[in-house]
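Sequential numbering of the sequence shown, starting at 1, is according to UniProt numbering.
Structure, as structure tokens:
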Amino acid sequence: MSYLETTHNVYKEAALTPDVGLCCTTNPIWELPGLKIPKIMQEMNYGCGSTVHARDLSNNPKMLYVGVGGGMELLQFAYFNRTKNGVVGIDVVDEMLEASRKNFVEAEELNPWFKSEFVDLKKGDALNLPVEDNSIDVAAQNCLFNIFKTDDLKKAIAEMYRVLKPHGKLVMSDPTCEQPMNETLRNDERLRALCLSGSLPIADYVTMLTDAGFGTIEIRARKPYRILDPKNYPTDELIYIESIEVAAIKDPMPEDGPCVFTGKAAIYFGSDDYFDDKKGHVLLKNQPLAVCDKTAGALAALNRDDIFISESTFHYDGGGCC
1 MSYLETTHNV YKEAALTPDV GLCCTTNPIW ELPGLKIPKI MQEMNYGCGS TVHARDLSNN
61 PKMLYVGVGG GMELLQFAYF NRTKNGVVGI DVVDEMLEAS RKNFVEAEEL NPWFKSEFVD
121 LKKGDALNLP VEDNSIDVAA QNCLFNIFKT DDLKKAIAEM YRVLKPHGKL VMSDPTCEQP
181 MNETLRNDER LRALCLSGSL PIADYVTMLT DAGFGTIEIR ARKPYRILDP KNYPTDELIY
241 IESIEVAAIK DPMPEDGPCV FTGKAAIYFG SDDYFDDKKG HVLLKNQPLA VCDKTAGALA
301 ALNRDDIFIS ESTFHYDGGG CC
């Protein structure tokens with residue numbers, strides 16, 4: 001049985017019998033005015049963070065969510081786009097699509113503003129999305145990409161890139177792991193189905209995205225997630241896994257390479273009111289400015305004694321410059 005078949009069966013079972021412990025979210029459930037999330041959706045929240053960010057969802061964007069789970073994030077996305085088929089949800093598991101349809105009926109009872117027709121549920125494969133080119137403003141996936149082995153992961157990212165409009169965003173939440181896993185763990189198909197054995201180091205994860213053509217990458221959060229320990233997994237040592245939230249933006253690739261924001265900031269504290277590097281970066285005195293890693297490196301290379309560059313915080317919420 002292939003790892004994709006194993007994954008299909010794991011989530012088929014999770015659709016028929018909700019498994020609260022299948023995955024553990026690292027974010028509190030969104031509480032927005034007039035938004036009530038059915039308990040069953042919370043129980044079927046098989047993700048490791050959140051892909052719903054209000055700043056991505058202005059002006060009624062056309063949204064795509066791949067791997068629907070119990071429909072919770074689809075409901076949250078629909079909150080920001082209350083139009084027929086404004087959100088497209090895709091899953092390869094029939095039982096998961098049917099569970100979401102049932103959950104939307106309950107969501108309608110709890111939320112007078114919500115209609116099931118706001119979400120267009122489709123059966124489809126993340127490796128061959130049934131979506132037109134350049135038609136989506138915001139695409140998202142939560143705890144899905146780390147199921148895939150390398151070649152399939154590249155295909156899944158390329159598919160997301162294909163369907164996004166120019167400057168569209170791919171918002172993701174996935175486990176990452178800086179420690180190498182042993183061969184047994186890497187080849188454990190059930191662990192891969194749970195998004196664990198496919199976890200990549202953050203640097204490799206970002207490289208996958210920039211290789212696909214995304215010109216801007218934002219690391220929005222990096223949080224503790226799980227431990228794989230010798231008592232419960234085939235490993236001789238503790239393996240620490242984190243949850244990472246990332247946005248990849250379909251911007252043109254700069255000639256000098258992608259803009260990757262990992263939460264660095266530059267602070268000028270010299271004698272003048274500001275510092276201008278003549279390359280588009282103006283630092284006001286003692287006012288932190290978010291900068292991409294590329295710009296941070298260029299400013300550090302000036303070897304000035306009045307500019308401080310922070311370490312990566314792996315938290316970025318917009319602003320600044322590249």
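Idealized CB from N, CA, C, for every residue including glycine.
Under the three-pair Cβ rule at 8 Å, the segment 153 to 166 does not count as touching the segment 32 to 52. Distance from the CA atom of M63 to the CA atom of V282, rounded to whole angstroms, is 35 Å. When Cβ pairs closer than 8 Å are counted between the two stretches, the segment 82 to 97 is seen not to touch the segment 214 to 223, the count staying below three. Secondary structure at R222: strand, using DSSP grouped into helix, strand and coil.
V163 carries a helical assignment under DSSP once its states are collapsed to helix, strand and coil.
If you check the CB distance, A193 and V68 do not come in under 7 Å.
In this structure D151 is exposed. Its beta-carbon is surrounded by fewer than 16 other beta-carbon atoms within 10 angstroms. Runs of the alpha helix (DSSP H) lying entirely within the UniProt domain "Methyltransferase type 11" (64 to 172) and spanning at least 4 residues, in chain order: 72 to 80, 94 to 110, 150 to 163. Counted as a single uninterrupted DSSP element, the beta strand (DSSP E) harbouring I244 occupies residues 239 to 249.
Assigned with DSSP and collapsed to three states, D204 falls in helix.
Each of F308, I239, L170 was checked against the Cα of Y65, and the nearest Cα belongs to L170. Exposure of I227 is indicated by the presence of fewer than 16 other C-beta atoms within 10 angstroms of its C-beta. Taking L191 as the centre and dropping the five residues before and after it, the same chain places the C-beta of S197 closer than 6 Å to its C-beta, in chain order. Less than 7 Å divides the Cβ of I309 from the Cβ of A296. Judged by beta-carbon spacing, V206 lies beyond the 7 Å limit of V131, meaning their Cβ atoms are not closer than that value.
The segment 178 to 185 makes contact with the segment 226 to 241; the number of CB pairs closer than 8 Å reaches 3 or more. In this structure, S100 lies away from N142, with their beta-carbon atoms at least 7 Å apart. For D276, the enclosing beta strand (DSSP E) covers residues 274 to 276. Just measuring C-alpha positions, the residue of F118, I241, K250 sitting nearest D133 is K250. About 11 Å separates the beta carbons of I307 and A265, which is beyond the 8 Å limit, so they are not a contact pair. For the set N286, I239, L302, R186, the Cα lying nearest the Cα of K279 is the one of L302. Assignment of A212 by DSSP, reduced to helix, strand and coil, places it in the coil class. Using a Cβ distance threshold of 7 Å, V138 and H8 do not count as a contacting pair. Judged by DSSP in its simplified three-state form, K279 adopts coil rather than helix or strand.
If the five residues before and after P230 are omitted, its C-beta is found closer than 8 Å to the C-beta atoms of D236, E237, L238, all from its own chain and listed in chain order. Contact check for P175 against S199 passes: the beta carbons are separated by less than 7 Å. Cβ-Cβ separation between L75 and M41: approximately 7 Å, consistent with a contact (criterion under 8 Å). The secondary-structure analysis by DSSP pairs A265 across a beta bridge with A290. Exclusion of the five residues before and after D188 leaves S197 as the residues of its chain whose Cβ lies within less than 6 Å of its Cβ. Residue nearest to T83 within the set G70, N60, V105 is N60 (criterion: CA-CA distance). Nearest to Y268 by alpha-carbon distance, out of L4, E31, P288, is P288.
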